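Going by the working numbering, the sequence shown opens with residue 151, and the numbers climb by one from there. For glycine and all other residues, C-beta sits at the position ideal for the given N, C-alpha and C. Everything numeric in this text was worked out from a predicted model, so none of it was measured. Each remark here refers to the structure printed beneath this line.
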Amino acid sequence: MAFEIEGKLYKKFDTEQKTEKFKAREFVLLTEDGPYQQYIKFQLTQDRCSLLDPFEENQQIKVHFDLRGREWNDKFFTNLNAWRIEGDTDSGDLNQVTDDFEDPTFSEENQGDGPQAEDFTKDVPF
Numbered sequence: 151m152a153f154e155i156e157g158k159l160y161k162k163f164d165t166e167q168k169t170e171k172f173k174a175r176e177f178v179l180l181t182e183d184g185p186y187q188q189y190i191k192f193q194l195t196q197d198r199c200s201l202l203d204p205f206e207e208n209q210q211i212k213v214h215f216d217l218r219g220r221e222w223n224d225k226f227f228t229n230l231n232a233w234r235i236e237g238d239t240d241s242g243d244l245n246q247v248t249d250d251f252e253d254p255t256f257s258e259e260n261q262g263d264g265p266q267a268e269d270f271t272k273d274v275p276f
């Protein structure tokens, strides 16, 4: 599932080498949800860790991401895996930064006429 969200880059973390073959980098996006601020943590993996390098904290960005979930030892985890980041330029346009390798599973040309991301905030009971 591909989603996108805009907000302020609140915190950038360093890239961590988790195993010999796997590295990850996390960052936090600050968004305004009515009167409440939301701090949303994303992760970048492998070669995509460098996508965050051109951006500074407090900069307005748009994050394109996939929602991932998995089970491990009867526990469940959810990750927001970012795969594209766009940032404000002086002209107010969003400047796209992406890596050279695009996962074909989530490329725009493979999206077709399938279901699109919806605004699920209307269904939240709180």
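Under the three-state DSSP convention, the category residue i falls into
i: Asp203; result: coil
i: Asp224; result: coil
i: Lys128; result: Because the chain here runs from 151 to 276, residue 128 falls outside it and cannot be looked at.
i: Gly157; result: strand
i: Gly184; result: coil
i: Ser241; result: Bear in mind that a pLDDT of 41 at Ser241, under 50, signals an unreliable position, so the model cannot answer this.
Opposing strand residues paired with residue i [DSSP bridges]
i: Arg198; result: DSSP output for Arg198 lists no bridge partner at all.
i: Asn208; result: Looking at the DSSP assignment, Asn208 forms no beta bridge with any residue, so it has no partner.
i: Phe177; result: Lys162, Phe192
At least three beta-carbon pairs within less than 8 angstroms, the segment 215-228 to the segment 167-177: No, the segment 215-228 does not touch the segment 167-177.
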